[in-house]
Amino acid sequence: MFITLEGMDGSGKSTQARLLAEFLRAQFGAAKIVLTREPGGAAISEQIRGVIHSLRNDNMAPLTEFLLYNAARAQIVAEVIRPALAQDKIVLCDRYADSTLAYQGYGRQLDLAMVRDVTRYATGGLKPDLTFYFELDIEAGLARRNQGHARGEELNRMDVQTREFYARVYNGYKLLRQAEPARWIVIDGSRAVESVQADLRAQLSPRLRVNLSS
Ligand SMILES: Nc1ncnc2c1ncn2[C@@H]1O[C@H](COP(=O)(O)OP(=O)(O)OP(=O)(O)O)[C@@H](O)[C@H]1O
Ligand SMILES: [Mg+2]
């Protein structure tokens, strides 16, 4: 089963992914669970992540950025995600193709049909079974993230975008959810970490039982 976590910057994806992986490992055994992230998740993809995120690359063209995300994605899909799914594992991925649709498609305003086509090509058409969306308004997400930076968490090139950019991304996510409502589960990300996690587990558990017994 392929599960992705999506949402705006600072909405809690990485925090919740870690906790959910812990819960699922306890329930199904560590060997059954793969927790990974985009961009990255495989050695080559992590190197590409470094290029995408480097603050030195402030002149990166939107098309370059887009292609790098999909280059990293082609590798993680081939090396990590598909093999794990073939072994019937549960794969949790912190961001995936929807992020590219939202950020590079809607946010950077690249041609949407092209973005869809190339992204589909990079994934070989592999789609998540389920996508959790952590709903949090833009300002709250940025405030959380800034607090994180003050505590020493990494600041990257994607963290220093304009408010207009984030607004387009937010709206892009909304359109993506509307286009495929059955795949997306919206979680109120504005609550305390533990409440969000409890909700996530409650939403996932019945779906996993159905999936694992079929
Ligand atoms: N429910 C929460 N309440 C308050 N702070 C939170 C909550 N969840 C996460 N945080 C904090 O907010 C910051 C961002 O969280 P996290 O890194 O999980 O978000 P993210 O969605 O992965 O962000 P990004 O898109 O930038 O990777 C971190 O400092 C984290 O500790
Ligand atoms: Mg994160």
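In the working numbering, the protein residues as written are 73 to 286.
Note that beta-carbon positions come from the ideal geometry of N, C-alpha and C, so glycine has one too.
Remember, predicted model here, so these are calculated numbers, not experimental data.
| query | result |
| --- | --- |
| Ligand 1 heavy atom lying under 8 angstroms from the CB of S86 | yes |
| Contact between the region 232–247 and the region 105–119 (3+ Cβ pairs under 8 angstroms) | no |
| Euclidean distance between Cα positions of R188 and G197 | 10 angstroms |
| Distance CB(A82)-CB(A264) smaller than 9 angstroms | According to the sequence shown, residue 82 is Gly rather than Ala. Taking 9 angstroms as the Cβ cut-off, G82 and A264 do not qualify as a contacting pair. |
| Three-way DSSP call (helix, strand, coil) for T108 in this model | strand |
| Short Cβ contact (9 angstroms threshold) for A89 with L140 | no |
| Cβ neighbour criterion (16 or more within 10 Å) applied to Y178 | buried |
| Inter-stretch contact at 8 angstroms, needing at least 3 Cβ pairs: the region 240–258 / the region 164–175 | yes |
| Buried or exposed by the 16-neighbour rule on C-beta atoms within 10 Å, applied to T195 | buried |
| Three-state secondary structure assigned by DSSP to I238 | Ile is not the amino acid found at residue 238; the sequence shown has Tyr there. The answer is helix: DSSP assigns Y238 an H, G or I state. |
| Bounding residues of the beta strand (DSSP E) (the contiguous stretch that carries V258) | W256 to D260 |
| Residue range of the beta strand (DSSP E) that includes I162 | I162 to D166 |
| M230 to L208 span [Cα, whole Å] | 18 angstroms |
| R145 vs T191 beta-carbon contact at 9 angstroms | yes |
| Where the beta strand (DSSP E) containing E207 begins and where it ends | L202 to E207 |
| Sub-9 angstroms separation of Y175 and V241 beta-carbons | yes |
| Same chain only: Cβ atoms within 6 angstroms of R167, ignoring 5 sequence neighbours per side | E110 |
| Cβ-Cβ distance between F204 and I162 below 9 angstroms | no |
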